Amino acid sequence: MLTALFAITTLGCRASPPPGATVVPLPDGRPGIGFDDLRFSPTYGILAPGGRSGKLDLVDPATLSVTAIDSFSMAPLYFGGHDQGATSVDVGGGFLFVTDRTTLKLAVVDATKKQVVATAPVSASPDYVRYVPHTNEVWVTEPDASQLEVFSLAGVQPMHAAAIATPGGPESLVIDTMRDRAYTHLWAGATISIDVHTRAIVAQWSNGCTDSRGIALDQARGLLFAGCAEGRGTVADVTHGGMPLVTLDVPARGIDVIDYSPMLGHLYLPGASNATMAIVGVDAAGALSLVGTAPTVKGAHCVAVDDRGRAFVCDPANGDLLVIRDPSPRSGG
Amino acid sequence: MTKALVFLLAMTLLTPSAAAASSRRDRPNLRYVISGSVVLGVFYVVPLALAIRYEEGELAVPVLGPLIDLRRCRDCTASPVEQGVVAGLVLDAALQAAGAALLTVGLVRRRPARVSVTPTPTGIAIGGRF
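These protein sequence lines are chains A and B, in that order.
Positions 1 to 333 (the working numbering) are the ones given, in order, by the first sequence.
Positions 1001 to 1130 (the working numbering) are the ones given, in order, by the second sequence.
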């Protein structure tokens, strides 16, 4: 009994924020938020699905003020992981699309009224949601079912349209609107490319990871980045069928969600295990080089970068976002 | 001196009713008190530990804490895991309440403690229920 109590009260205790980081507390962030997906939108700022808190939090990058859309499932206790409430979000057509892992629903939020205007059940536990503008569809990854579920939008109402089988995946999702492709990883070191019109898998390549996790895209240059859980970043050239360009081992362990800043040409790979975020420069040829590291906190496994050279890193144990300024100059290209 | 002792002994033997007078004292019902304390303690210490771990002050409130924590519950029954959490909190509050009730009953409904002191040929005997 005493051992159990000791474990409860000591394991995973809150970490202090790293020096130099600004902390953005999210509403009802305590006792913790199982963050997963973070996004940046020039219109709405940082979008942080608040998991257990029942909120989708919109952080204004200028003022760091938080506006909460309080419409999702909410749970009293937080036990780590990211299986509670809203965990993924995307923007499109004036709406926010949010998946809720507790209710297993896709919600459409009117971004102006900040209200849920429609919901639809998903077939399996949702992971990532992305809007596909050229087809006016919403794609949802469902790793437990090894599929991507496609919803067409009839007005604001999402309607199940198709399921795309992705054996061995899918993990992460990014939409390439220039090439009308969706890219997602398979867990064991591969990436697939899907035609968003035909919904067919049109290419597959090895991404250089042992354990594929995060994905990010430099759309203009056709560079697709993969974050590997073991501590590696890789690049593939999607203009040449996913030709691998380079891999770089980085001092971050337990990489999950990654992000890329086109403005700085930097790739951000937070390591949840060793509380370190690697900042990697991407030169004109797509080569990677470590330009810096930033201390975070244990469990910080997700990041979104704004258009001001700042990385917003999740701090699940505290239910906060850490704002880390990237001091490194722009890389390449 | 010997005469005085004999006199005192004689007085004692001659007034047995006074010496054997029973006295009543109320004592807590230890059976209820102990069982109530154990039940309350066991089912309070778990939310207390969670309160410390997660800095959730409301969980540290005895008996009502787990129910207060349920204010942060919306669509909780949509997931089996959350259903379990809700059930656990409600059950914990109920068991804490049961423990508190037992403890209160043990303290309030005191048990009469009857004590008698009776002279015997070799001295006195004290008896009763304690």
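Glycine included, every Cβ here is placed at the ideal spot set by N, Cα and C.
Note that the coordinates shown come from a computational prediction; the quantities given were computed from them, not determined experimentally.
Sequence-distant residues of the same chain with beta carbon closer than 7 Å to residue i, five excluded per side
i                : result
I1052 of chain B : none
P158 of chain A  : L106, V108, A118, A120, V138, F151
D259 of chain A  : A216, Y268, V303, A304, V305
F6 of chain A    : Confidence at F6 of chain A is low in this model, with a pLDDT of 49, below 50, so the placement of that residue should be treated as unreliable; the coordinate-derived value is given next. Correct list: empty, nothing qualifies.
A1125 of chain B : T1118
I279 of chain A  : H266, Y268, V291, G292, T293, A294, D326, S328
N207 of chain A  : H185, G189, A190, T191, A226, T234, A236
G29 of chain A   : S53, N318, G319, D320
D180 of chain A  : H134, D195, V196, H197
R199 of chain A  : V150, A162, I164
L1070 of chain B : V1086, L1089
L1107 of chain B : P1028, V1033
F40 of chain A   : I46, A304, V305, D306
Inter-residue CB distance, residue i and residue j (contact presumed, cutoff 8 Å)
i                : j               : result
A236 of chain A  : L245 of chain A : 6 Å
E1056 of chain B : P25 of chain A  : Actually they do not touch by this definition, with Cβ atoms about 15 Å apart.
T296 of chain A  : V313 of chain A : 5 Å
T191 of chain A  : W205 of chain A : 6 Å
H160 of chain A  : E171 of chain A : So it is not a contact: roughly 22 Å between Cβ atoms.
V238 of chain A  : S193 of chain A : 7 Å
S95 of chain A   : V156 of chain A : The amino acid at residue 95 of chain A is misidentified as Ser; the sequence shows Phe. 7 Å between Cβ atoms; contact.
I164 of chain A  : R213 of chain A : With 8 Å as the limit, I164 of chain A and R213 of chain A do not qualify as a contact, their Cβ atoms being about 20 Å apart.
A1078 of chain B : S73 of chain A  : 6 Å
L38 of chain A   : V323 of chain A : Going by Cβ atoms, the distance from L38 of chain A to V323 of chain A rounds to 12 Å, so no, they are not a contact pair.
With 16 other Cβ atoms within 10 Å as the buried cut-off, status of residue i
i                : result
G51 of chain A   : buried
A229 of chain A  : buried
R101 of chain A  : buried
P42 of chain A   : exposed
N136 of chain A  : exposed
R1109 of chain B : exposed
K55 of chain A   : buried
T1120 of chain B : exposed
L1009 of chain B : Residue placement at L1009 of chain B cannot be trusted, given a pLDDT of 43 that sits under 50; what the coordinates show is reported in the next sentence. L1009 of chain B comes out exposed.
P316 of chain A  : buried
S289 of chain A  : exposed
R310 of chain A  : buried
G20 of chain A   : exposed
R308 of chain A  : exposed
H301 of chain A  : buried
L77 of chain A   : buried
T1122 of chain B : exposed
D283 of chain A  : exposed
A334 of chain A  : Residue 334 of chain A falls outside the range modelled here, since chain A spans only 1 to 333, and no answer is possible.
M178 of chain A  : exposed
D36 of chain A   : buried
G169 of chain A  : buried
L264 of chain A  : buried
G93 of chain A   : exposed
P18 of chain A   : buried
T1080 of chain B : One point to set straight first is that residue 1080 of chain B is Pro, not Thr, in the sequence displayed. Exposed is the call here.
A75 of chain A   : buried
G271 of chain A  : buried
R1072 of chain B : buried
L248 of chain A  : buried
G281 of chain A  : buried
Residues near residue i by beta carbon distance below 6 Å, same chain, minus five either side
i                : result
D127 of chain A  : T141, P143
R130 of chain A  : D90, W139, L173, I175
G241 of chain A  : A203
P1066 of chain B : P1047, L1089, D1092, A1093
L1050 of chain B : L1059
D110 of chain A  : V117
T1002 of chain B : Summary for T1002 of chain B: the model assigns pLDDT 49, below 50, so the residue's position carries little reliability; its value from the coordinates is reported in the next sentence. Cβ within range, chain order: n/a, list empty.
D57 of chain A   : L26, A48, G50, V66, A68
I201 of chain A  : I192, I194
S261 of chain A  : V305
Residues near residue i in its chain [Cβ-Cβ closer than 8 Å; skip 5 each side]
i                : result
L1064 of chain B : A1093
P1062 of chain B : L1040, Y1044, Q1096, A1100
M243 of chain A  : W205, A236, D237
Under 8 Å by beta carbon: chain E residues contacting residue i
i              : result
M74 of chain A : Here chain E cannot be found, since the structure's protein chains are A and B.
- Query: Quick one: complete beta strand (DSSP E) runs, 3+ long, within the region 1028 to 1090 of chain B?
  - Reply: none
- Tell me the start and end of each unbroken beta strand (DSSP E) in the region 142 to 216 of chain A that is at least 3 residues and wholly inside, in chain order. Here the runs fully enclosed are 147 to 154, 157 to 165, 171 to 176, 181 to 186, 190 to 195, 201 to 206.
- Message: Check whether the region 1096 to 1106 of chain B and the region 83 to 99 of chain A touch, using three or more Cβ-Cβ pairs below 8 Å as the test.
- Response: no
- Task: For the region 58 to 71 of chain A and the region 1036 to 1043 of chain B, state whether three or more C-beta atom pairs, one from each stretch, are separated by less than 8 Å.
- Result: For the pair of segments examined, the region 58 to 71 of chain A was found not to touch the region 1036 to 1043 of chain B: the number of CB pairs separated by less than 8 Å stays below three.
- Starting from the N-terminal side, write out each stretch of the alpha helix (DSSP H) that is 4 residues or longer and does not extend beyond the region 55 to 131 of chain A. If we require 4 residues or more, the region 55 to 131 of chain A turns out to have no alpha helix (DSSP H) run fully inside it.
- Query: In the region 260 to 322 of chain A, which residue ranges form an unbroken alpha helix (DSSP H) of at least 4 residues, counting only runs that do not cross its ends?
  - Reply: none
- Taking only runs that begin and end inside the region 214 to 261 of chain A, name each unbroken beta strand (DSSP E) of 3 or more residues, in chain order. 223 to 228, 232 to 237, 243 to 249, 259 to 261
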